[in-house]
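Numbering (full-length UniProt numbering), first residue to last: 1 to 620.
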C-alpha cells in the first residue's frame with residue numbers, strides 16, 4: 001500500500017482528533033505532480049493521508065507552524081532559521097474519517113499514532129472522500145476549490161431533504177440556488193421529474209421569471225402577482241383555505257380582543273350554512289325582521305345600519321319606506337308609520353310582522369333582490385357581503401360593540417380589493433399548477449406578500465399529504481422560498497402575534513413532517529439570523545456562501561452539527577461563488593467554486609453603474 005505514495009512527514013504528537021506532523025525535508029510544495037495527477041500538498045484545508053497498517057486515516061490541515069531548534073529571538077544568527085538543521089515544519093491535522101476496503105467512512109474507530117507516516121492523498125482516494133460513485137445518480141454544480149475536483153451531489157440525498165442556501169448579497173447565493181435545480185432538470189431524470197413532481201418557487205424579487213429559468217419552458221407557469229394593476233394571472237386558491245379565520249384575521253389585521261372573535265363567529269356561520277343566494281337572503285332579511293320585532297333589546301341604530309349596508313348591493317328605491325317612513329317608539333317598543341298625518345303602529349315587539357306590512361315595506365322584494373345580487377357576485381365579494389351583514393347581526397343586540405369592529409371594515413375593504421386582483425377562488429386546484437411554478441411577488445403589496453406564501457405553502461402541503469399514503473410516496477412537492485427571511489423570520493415587530501404564530505406553525509409543521517409525505521423545503525436567505533431557529537435547525541443540507549455578520553454566523557454555528565470549527569471560520573473569507581457544502585448528503589464539508597451560468601441565470605446580477613452611465617442610446 002505504501003509503495004506508490006508520496007510521503008510528507010510523520011506523526012509526532014496526538015491530542016484527541018488533532019495530530020502534529022513533523023514534515024520531512026523537501027515537503028513544502030503547494031502541489032505535486034504524482035503519477036500524472038496534480039495533488040495538493042500540506043496547506044490549510046487540504047486532505048492528507050495517515051498510513052496505519054491497512055487503513056488510511058484521512059485528515060485535513062488546520063494549522064501549521066515552525067519549531068526552531070537552534071535559534072532564539074535574541075540570536076544574531078536568526079536569519080539562518082531556514083537552514084535544514086535549524087528548523088522543523090509542524091503541521092496540525094484534524095481527523096475526518098478513514099478509507100478501509102475501498103470505502104470512505106466517518107468513524108472514530110481509528111486514531112493516528114506517533115510514528116504513523118503522512119502522505120499526499122491520491123486522486124482515487126479524493127473521489128472516495130467526495131463520494132464519487134459511478135452507480136449513484138448525481139449532479140454537479142462546481143469543483144472543489146483546492147483540488148479542482150468535480151464534486152458530485154447525490155440527487156437522492158440532496159433533493160429528498162430540506163435545503164438551506166445562505167450568503168450575503170453578491171456572494172453568489174442566487175446563482176447556487178438556481179444552479180442546483182437547473183442541474184436537476186438537466187439530469188437524465190428530467191422527463192419523470194416533470195411528470196411526477198411539482199416545484200413551487202416563492203420569488204420575492206422577481207429573479208426567476210425569465211422564460212428559460214431553470215431550463216424549463218413547456219411545463220412552467222409564472223404567476224406575476226400585481227396588486228397595483230388588474231391582471232388575469234391570478235393564483236388559484238380553494239375557498240376553504242382563503243376563508244380560514246386565521247388567514248383572514250392576518251390579512252385584515254384583526255385585533256385579538258374583539259375583531260378576531262367577530263371574524264371567527266362570522267366565518268363559522270359561513271362554513272356551517274354554505275350559503276347560496278336564497279339562503280343568505282333569507283338569513284339577512286331574517287336579521288332585519290328580528291330587529292323590527294325585538295323591541296328595545298335591539299340597538300336603536302340597528303335598522304339604519306342594516307339598511308345602509310343593503311343599499312350598497314341593491315337599488316336604494318326599495319328602501320323608501322324603511323328609511324323615510326318607519327319610526328320607533330321606545331315607550332311602546334313598536335314601529336309606526338305616518339299615514340295622512342296619523343301615527344299608525346304596524347310592528348309590535350315579539351309579534352310577527354303581518355303580510356300586509358311586509359308588502360308595504362317591500363321586504364319580499366328586498367329579499368329577492370339580495371338573492372339575485374349575491375348569486376351574481378364573485379366568491380370574494382360574496383364573503384364581503386356576508387361580513388357586512390354579520391356586522392349588523394352581531395352588533396344589533398349588543399353582543400359586539402359596532403364601534404370596535406368598524407375600523408376592521410376599512411381594512412377589509414382595502415385587503416379584499418387587493419386580494420381580488422391576485423387570487424381566483426376555486427372549488428379545486430387540480431390541473432391549475434404546472435410542474436414548475438414561479439410565484440413572483442415583486443409587485444405585491446405588504447399584506448399580499450405576507451399572505452400568499454402562507455396560503456400556497458399550506459395548500460400544496462395539505463394537497464401532497466392527501467395524495468400520499470405514508471408508505472408509498474408516488475409523487476413529490478418541492479417548495480423553494482428565496483429571501484426566506486421575509487416569511488420565516490422569528491420576530492417581526494411590524495405585524496401582530498397572530499400572523500407570527502400562525503405562519504411559524506405552518507412552516508414548522510412542514511419542515512418537521514414534510515419528508516415523510518414527499519414534501520421538501522428549500523430556503524435561501526442573506527439573513528439566516530432572522531429565520532426561526534426551529535426551522536433552521538431542521539435543515540438537512542447547507543450551502544453556505546460568505547457571511548460576515550456575527551449574528552448570522554452565530555445562528556448557523558448553533559444549527560449546523562456537520563460543520564467543523566476550521567471550516568466554519570472560513571465562511572467570512574469565501575470569495576464570490578465559493579460555497580461550503582455540508583450536511584447529511586456528504587460525509588465531510590466541501591469547499592466548492594460554483595459554476596456560473598452565463599446564459600440561463602437568475603436576474604440577480606449587480607448593476608454596473610459605469611456601464612449604465614455610459615449608455616448613449618438616447619434613453620433617459
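Even glycine gets a Cβ: it sits at the ideal position worked out from N, Cα and C.
query: Is residue 54 closer than 8 Å to residue 545 when the C-beta atoms are compared?; result: no
query: Where do the N-terminal and C-terminal ends of the alpha helix (DSSP H) with residue 392 fall, by residue?; result: 379-395
query: Out of 588, 29, 305, 440, which has the shortest C-alpha to C-alpha gap to residue 235?; result: 440
query: Determine the direct distance from the alpha carbon of residue 405 to that of residue 329, and round the result to whole angstroms.; result: 28 Å
query: Could you pull out every unbroken beta strand (DSSP E) segment of at least 3 residues lying fully inside the stretch 417-502, listed in chain order?; result: 423-426, 436-443, 476-481
query: Confirm, please, whether the CB-CB distance from residue 50 to residue 152 is below 8 Å.; result: no
query: How should residue 78 be labelled, buried or exposed, when 16 other C-beta atoms within 10 angstroms of its C-beta is the threshold for buried?; result: Because residue 78 sits at a pLDDT of 45, beneath the cut-off of 50, its placement in the model cannot be relied upon, and the following sentence gives the value as read from the coordinates. It is exposed - the Cβ of residue 78 has fewer than 16 other Cβ atoms within 10 Å.
query: According to DSSP, residue 329 sits in a beta bridge with which residue or residues?; result: 334
query: Quick one: complete alpha helix (DSSP H) runs, 4+ long, within the stretch 80-168?; result: 123-129, 155-159
query: Can you tell me which of the three DSSP states residue 221 falls into?; result: strand
query: Beta strand (DSSP E) containing residue 47: first to last residue?; result: 47-52
query: Note down the Cα distance separating residue 154 from residue 200, rounded to an integer number of angstroms.; result: 21 Å
query: Cα-Cα, which of 34, 257, 552 is closest to residue 529?; result: 552
query: Take residue 564 as the anchor and find which of 8, 331, 6, 17 has the nearest alpha-carbon.; result: 17
query: By DSSP's criteria, residue 33 is part of a beta bridge. Which residues make up the other side?; result: 38
query: Tell me whether the stretch 324-339 and the stretch 250-268 touch, counting them as touching only if at least three CB pairs, one residue from each stretch, are closer than 8 Å.; result: no
query: Determine contact between the stretch 121-131 and the stretch 98-109, defined as no fewer than three beta-carbon pairs at a distance below 8 Å.; result: yes
query: Measure the alpha-carbon distance for residue 310 versus residue 300 and round it to whole angstroms.; result: 17 Å
query: So what's residue 244 in DSSP terms, helix, strand or just coil?; result: coil
query: For the alpha helix (DSSP H) containing residue 304, list its first residue and its last residue.; result: 302-313
query: Locate the beta strand (DSSP E) running through residue 198, then write down its first and last residues.; result: 197-203
query: Quick one: Cα of residue 429 to Cα of residue 473, how far?; result: 20 Å
query: What are the boundary residues of the alpha helix (DSSP H) that includes residue 557?; result: 550-559
query: Alpha carbon to alpha carbon, how far is residue 588 from residue 382?; result: 57 Å
query: Between the Cα of residue 322 and those of 331, 313, 333, 305, spot the shortest distance and give me the residue it belongs to.; result: 305
query: Applying the 10 Å Cβ sphere with the 16-neighbour rule, what's the burial state of residue 486?; result: buried
query: Rounded to the nearest angstrom, what separates residue 393 and residue 277 at their Cα positions?; result: 18 Å
query: Where DSSP assigns a beta bridge to residue 56, which residues make up the other side?; result: 51, 99
query: To the nearest angstrom, report how far apart residue 76 and residue 88 are at their CA atoms.; result: Below a pLDDT of 50, predicted positions are generally treated as unreliable, and residue 76, at 49, falls in that range; no measurement from the model is reported.
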